[in-house]
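Enquirer:
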Amino acid sequence: MTLRPHPVLTRRDFIQAVAGGGAAMGLHSFAGPITADNSQLASFDVIVVGGTPGGIAASVAVARLGRRVALVERHDHLGGMTSSGLGKSDIEHREMIQGLFAEFIGRVRQHYVETYGNESKEYELCRDGYYFEPSVAEAVFDQLVAEQTTLTVLRGYQLESVLTQDGSVQGVRVRCREDGQLQALTAPVVIDATYEGDVYAKAGADFRLGRESRDTFDEPHAGVVYFDYQNQLFLDGTTGEASDRLPAYTYRLCLTTDPDNSHRLDAPPPDYNRERYIGYFDDLRAGRLAAPKSYKPGRGYNAAHFDTLVRVLSVTDIPNRKTDVNMNPRPLAFPFAEEHAGYVEGDWATRRRIETDLRNLTLGLVWFLQNDAEVPAAHREIANQYHWPLDEFADNDHFPFQLYVREARRLVGEYMLTEHDVTQSSERSNTGRFDDAIAVGEFPIDSFP
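Just so we're aligned: 542 in the working numbering is position 67 of the sequence shown, and the numbers increase by one with no gaps anywhere.
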């Protein structure tokens, strides 16, 4: 693999490459054990750990600058949540979208135009490329990396350790999940693009995990909070004290209403226990499954689901009779609070166990809605319109591969983003103060049990 002459890769070069897209090249892709026959894969200019959208963007940006990049992904698929069920881009103000994400959206849009035509229902449902099927998102990501000749992709490799010398990160040691073989990869630059912050944690960097107390950064809404979502009120028990708890993890589902493309559950998952779900009957009786005060039809809410148990799911239409299925904030649906305890700091065996438990709880909820005798027949009829698409996640029983890690470690860097930087709720509000900003994002502040 020949490295093209190029100036030193500076931080500004990298940021500009991510923002501007750069010129495309090609890819060296790799899956399976590294042997002496391909030992050239051991040394790179940049190593990116995590085949998430951020990891892919970083890898492509560096490769477009002519540098040799290794992208390491634990799963056999790239794209993280974006290709694992999150088919509804949570973006309201599209004028801020730019860089490689804008390129991704453009390619998604192009796919639906070229495949179905710009007058088609599928193109309408893709909403200019912001809504998409998981397989389409993955194909676009694969296309992006396949164009880079200096980018090597290692699928099915999980991080085992970080190589350091004199306090400086020199590379990583990864393990092939197929045969257990270890391989050292070295580079002067290592980027942590994992959802969990695994690289910097293993490197010994300081990080925060959980909720700081209200006093730590003088944040009015920090720490232990009990909140009435419907009435927007703090409840008794709110102390503002620190807590090691994290927002609940779940899976973002892709379900279909196409009977010809459906994989149906024919049995409950292992360890199924209907008692885990009967609390939804209380929600139904209390009126918590009624219509929200305002909503956009087809974007998380379906009028046919109101006042039924199916309302515990947040269903958004995406192309080809498929849906992005999230949870509604109240009732809690399938985040299953505290089931993810120990995930972030756990070893790989612990993480796999928690992933399996959450998968079975999620499958159990669908089974419950579709089959439980106490669920009203009309509700079961609605629930039985939704099944697992045969053409999605075919190598994982049509179930998403990536756990929805909503929040994990936060690196303690030169500056810590706080409530004061993103709200105008206090006299200390800092919104708009960052003259050296390198990125723009927008989304309401999200809090989950």
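C-beta atoms are modelled at their ideal positions from N, C-alpha and C, and glycine is treated no differently.
Which residues does DSSP list as the beta-bridge partners of residue 797?
Expert: Your numbering for residue 797 matches position 322 in the sequence shown. Partner(s): 731, 793.
Enquirer: Step through the CB atoms of chain C and report whether any lies within less than 8 Å of the CB of residue 764.
Expert: The structure shown has no chain C; it contains just one protein chain.
Enquirer: If you drop the 5 nearest sequence neighbours on each side, which residues of the same chain put their C-beta closer than 6 Å to that of residue 545?
Expert: Along the sequence shown, one-based indexing puts residue 545 at 70. Counting only Cβ-Cβ distances below 6 Å, and skipping sequence neighbours, we find 519, 522, 627, 660.
Enquirer: Compute the beta-carbon to beta-carbon distance between residue 861 and residue 732, rounded to the nearest angstrom, for a pair I have assumed lies under 8 Å.
Expert: Within the sequence shown, residue 861 is the residue found at index 386, counting from 1. Within the sequence shown, residue 732 is the residue found at index 257, counting from 1. Going by Cβ atoms, the distance from residue 861 to residue 732 rounds to 6 Å, so yes, they are a contact pair.
Enquirer: So, at 7 Å on beta carbons, what are the nonlocal neighbours of residue 585 in its own chain, with the 5 sequence-adjacent residues on each side left out?
Expert: The count along the sequence shown starts at 1 and reaches residue 585 at position 110. Closer than 7 Å at the Cβ level, and outside the excluded window around residue 585, lies no residue.
Enquirer: Quick one: Cα of residue 778 to Cα of residue 704, how far?
Expert: For the purposes of this step, residue 778 is taken as residue 303 along the sequence shown, with counting starting at 1. For the purposes of this step, residue 704 is taken as residue 229 along the sequence shown, with counting starting at 1. Each residue's Cα considered, the two are about 21 Å apart.
Enquirer: Express the C-alpha separation of residue 534 and residue 764 in angstroms, rounding to a whole number.
Expert: Counting from 1 along the sequence shown, the entry for residue 764 is found at position 289. Counting from 1 along the sequence shown, the entry for residue 534 is found at position 59. Answer to the nearest angstrom: the Cα atoms are 44 Å apart.
Enquirer: Looking at the unbroken beta strand (DSSP E) that takes in residue 666, where does it start and where does it end?
Expert: Within the sequence shown, the letter at position 191 stands for residue 666. Taken as a continuous stretch (DSSP letters only), the beta strand (DSSP E) holding residue 666 covers 664–667.
Enquirer: Can you grab the Cα-Cα spacing for the pair residue 641 / residue 635, in whole Å?
Expert: Along the sequence shown, one-based indexing puts residue 641 at 166. Along the sequence shown, one-based indexing puts residue 635 at 160. So the two alpha carbons sit approximately 20 Å from each other.
Enquirer: Using the Cβ count rule (16 or more neighbours within 10 Å means buried), how would you classify residue 879?
Expert: Along the sequence shown, one-based indexing puts residue 879 at 404. Buried, since its Cβ has 16 or more Cβ neighbours within 10 Å.
Enquirer: What is the C-beta distance between residue 747 and residue 842, in whole angstroms, given that I count them as a contact (C-beta under 8 Å)?
Expert: The residue labelled residue 747 in the question sits at position 272 within the sequence shown. The residue labelled residue 842 in the question sits at position 367 within the sequence shown. About 7 Å; that satisfies the 8 Å criterion.
Enquirer: Taking the beta strand (DSSP E) that residue 598 falls in, what are its first and last residues?
Expert: Translated into positions along the sequence shown, residue 598 becomes position 123. Run containing residue 598: none in the beta strand (DSSP E); it sits in the alpha helix (DSSP H), 596–601.
Enquirer: Could you please give me the residues that DSSP links to residue 774 through a beta bridge?
Expert: Here the question's residue 774 lines up with position 299 in the sequence shown. In DSSP, residue 774 forms a bridge with 791.
Enquirer: For residue 756 and residue 728, what's the separation of their Cα atoms in angstroms?
Expert: Indexing the sequence shown from 1 puts residue 756 at position 281. Indexing the sequence shown from 1 puts residue 728 at position 253. Each residue's Cα considered, the two are about 22 Å apart.
Enquirer: Specify the secondary structure class of residue 744 as computed by DSSP and reduced to three states.
Expert: As a position in the sequence shown, residue 744 is number 269, starting the count at 1. It is coil, neither helix nor strand.
Enquirer: Let me check understanding here. Comparing Cα to Cα, which of 649, 561, 621 lies closest to residue 877?
Expert: Indexing the sequence shown from 1 puts residue 877 at position 402. If we check each option's Cα against that of residue 877, 561 comes out closest.
Enquirer: From residue 816 to residue 783, what distance separates their C-alpha atoms?
Expert: For the purposes of this step, residue 816 is taken as the residue at position 341 of the sequence shown. For the purposes of this step, residue 783 is taken as the residue at position 308 of the sequence shown. The straight-line gap from Cα to Cα measures roughly 30 Å.
Enquirer: Check whether the Cβ atoms of residue 893 and residue 692 lie closer than 8 Å to each other.
Expert: Reading the sequence shown from its first residue, position 418 is the one you call residue 893. Reading the sequence shown from its first residue, position 217 is the one you call residue 692. Taking 8 Å as the Cβ cut-off, residue 893 and residue 692 qualify as a contacting pair.
Enquirer: Quick check: what's the CA-CA separation for residue 610 versus residue 848?
Expert: Working through the sequence shown from its first residue, we reach residue 610 at position 135. Working through the sequence shown from its first residue, we reach residue 848 at position 373. If you take the alpha carbons of residue 610 and residue 848, they lie about 35 Å apart.
Enquirer: Is residue 677 helix, strand or coil when you go by DSSP?
Expert: Residue 677 sits at position 202 when you count from the first residue of the sequence shown. Helix.
Enquirer: Quick check: the Cα distance between residue 643 and residue 794, rounded to an integer number of angstroms?
Expert: As a working note, residue 643 is residue 168 in the sequence shown. As a working note, residue 794 is residue 319 in the sequence shown. Cα to Cα, the separation comes out at about 47 Å.
Enquirer: Under a Cβ-count criterion, where at least 16 other Cβ atoms within 10 Å of its own Cβ denotes burial, should residue 791 be classed as buried or exposed?
Expert: In the sequence shown, residue 791 corresponds to position 316, counting from 1. With 16 or more Cβ atoms within 10 Å of its Cβ, residue 791 is classed as buried.
Enquirer: From residue 711 to residue 767, what distance separates their C-alpha atoms?
Expert: Within the sequence shown, residue 711 is the residue found at index 236, counting from 1. Within the sequence shown, residue 767 is the residue found at index 292, counting from 1. Cα to Cα, the separation comes out at about 25 Å.
Enquirer: Given a threshold of 16 other Cβ atoms within 10 Å of its Cβ, counted over all protein chains shown, does residue 771 qualify as buried or as exposed?
Expert: The residue labelled residue 771 in the question sits at position 296 within the sequence shown. Per the 10 Å Cβ criterion, exposed.
Enquirer: What residues are listed by DSSP as bridge partners for residue 563?
Expert: Counting from one through the sequence shown, the residue named residue 563 turns up at place 88. In the DSSP output, where bridge partners are listed per residue, residue 563 has 606.
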